[in-house]
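Numbering (my numbering), first residue to last: 2 to 470. Beta carbons: idealized from backbone N, C-alpha and C, even for Gly. Notes to accompany the following structure.
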Ligand SMILES: [Zn+2]
């Protein structure tokens with residue numbers, strides 16, 4: 002019973018006290034019944050706000066009653082609420098969002114729009130062309146930052162594919178058919194002038210001269226030290242690009258950054274990053290590993306002093322980079338010895354070694370950390386046998402190697418100096434082992450990708466130091 006009610010009950014006779022209590026109980030019971038019969042939208046949120054404010058029991062009950070009758074709508078929201086609303090909007094569009102807003106108290110589209118940045122990318126219709134890059138760079142990057150103070154940070158271009166519904170659809174703003182592959186769209190006119198336009202496109206699709214995009218090639222630009230990624234290309238692909246066409250696409254992206262004035266307004270492109278796609282790796286190698294850094298370069302003084310560092314870059318000293326998540330995933334190898342680790346059993350190790358989702362980066366990191374922990378276990382030749390000790394000494398080297406690759410990415414207490422030392426340790430160890438054992442030690446491609454990634458880190462640090470000391 003609240004303090005208020007105790008005060009009210011003072012000065013009443015016993016019969017009046019019993020009558021008052023019964024009335025209160027009746028009110029509580031009505032509320033419980035109402036909550037049972039009606040969904041109270043976001044009841045947990047209402048209670049947590051009320052308790053934080055230090056509301057009395059009576060105030061909380063009144064708020065709940067108002068929520069049931071629909072006269073009170075909780076206004077606050079958390080990051081999770083925004084994420085959930087975004088997901089609902091993406092999956093079910095405006096209609097689902099409206100329904101869930103009214104029925105479950107999910108955020109409205111209006112609130113979501115007020116608190117999120119929505120980007121509308123210009124999709125590629127037909128072949129990939131400079132004007133699509135220009136439109137996206139201008140609308141999504143330059144215009145929103147016209148009056149912003151821009152820190153001096155190098156930029157990275159990244160490219161990957163995302164899943165796409167394999168279908169053609171009508172794009173109203175341009176009255177065109179979209180969803181057709183960019184590589185072969187030069188064979189049709191995507192504009193719907195007449196009924197015959199649609200028939201001609203359908204015929205070309207049936208004849209297999211033009212294809213529906215299997216995936217969407219996406220390209221984005223991000224400044225170092227900034228989490229925002231700005232999309233600059235979304236092009237349906239039938240995955241038939243060769244290295245030459247890929248080189249043309251990458252060069253176009255690089256050149257439009259300068260031509261649109263973005264380079265002058267922001268900062269230059271430091272590197273181009275990709276995953277393990279072989280066409281992009283080939284194109285990236287041709288474009289960005291071709292010229293030795295000249296002695297006249299501002300970077301030469303720093304980088305030429307790093308023994309073993311490959312100094313080949315592309316035009317404007319742009320280097321090739323590989324997504325570290327792609328690299329971590331490829332360490333999804335290993336071994337019966339993990340069962341020695343405390344807290345691991347057959348089932349947990351099967352989970353580590355056979356992840357249901359090959360894209361699961363946290364699990365790959367967990368596996369690498371397990372190997373590092375395993376490598377620190379001491380063995381004794383007399384107790385464990387010579388074979389086990391030989392295996393363990395190999396695992397020790399693997400542990401040191403993985404630790405020097407992983408720590409710079411996950412240990413935020415390291416200084417830049419320590420990070421670079423570890424990366425350098427990783428490069429020299431893997432080079433020595435690869436030199437001795439070739440692909441028996443590590444697949445050629447993984448060796449190339451990891452060395453390129455580490456080299457790019459050294460270049461980007463040196464470039465950023467020159468850009469903004
Ligand atoms: Zn095609």
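In the DSSP annotation of this structure, the continuous segment of the beta strand (DSSP E) that includes residue 235 starts and ends at 230–238. Within 6 Å of the C-beta of residue 185 there is at least one heavy atom belonging to ligand 1.
In this structure, residue 370 and residue 234 do not form a Cβ contact; the two beta carbons are roughly 36 Å apart against a cut-off of 8 Å. Using a 10 angstroms sphere on the CB of residue 317, the tally of other CB atoms stays under 16, which defines it as exposed. Cβ-Cβ distances below 8 Å link residue 264 to 258 and 270 in the same chain, with the five nearest sequence neighbours on each side left out; the list follows chain order.
Here residue 241 carries a coil assignment [DSSP, helix/strand/coil]. Per DSSP, residue 322 is one residue of the beta strand (DSSP E) stretching across 320–323. Judged by beta-carbon spacing, residue 244 lies within the 7 Å limit of residue 280, meaning their Cβ atoms are closer than that value. Going by beta carbons, residue 155 and residue 465 fall inside the 7 Å limit. In its chain, beyond the 5 residues on either side, 248, 251, 252 and 315 have a beta carbon closer than 7 Å to the beta carbon of residue 288.
The Cβ-Cβ distance between residue 177 and residue 214 does not fall below 7 Å.
Going by beta carbons, residue 327 and residue 276 fall inside the 7 Å limit. 157 is the residue among 165, 157, 396 and 110 whose C-alpha sits nearest the C-alpha of residue 228.
For residue 274, the secondary structure class from DSSP, reduced to helix, strand or coil, is strand. For residue 401, the uninterrupted alpha helix (DSSP H) segment begins and ends at 387–411.
Nearest to residue 286 by C-alpha distance, out of 208, 273, 295 and 97, is 273. A distance of 7 Å or more separates the beta carbons of residue 69 and residue 102. Residue environment analysis places residue 90 among the buried positions, since at least 16 neighbouring C-beta atoms fall within 10 angstroms of its C-beta. The beta-bridge partner set that DSSP reports for residue 221 consists of 159 and 232. The residues 180 and 213, in chain order, have a CB closer than 8 Å to that of residue 168 in the same chain once the five nearest residues on each side in sequence are set aside.
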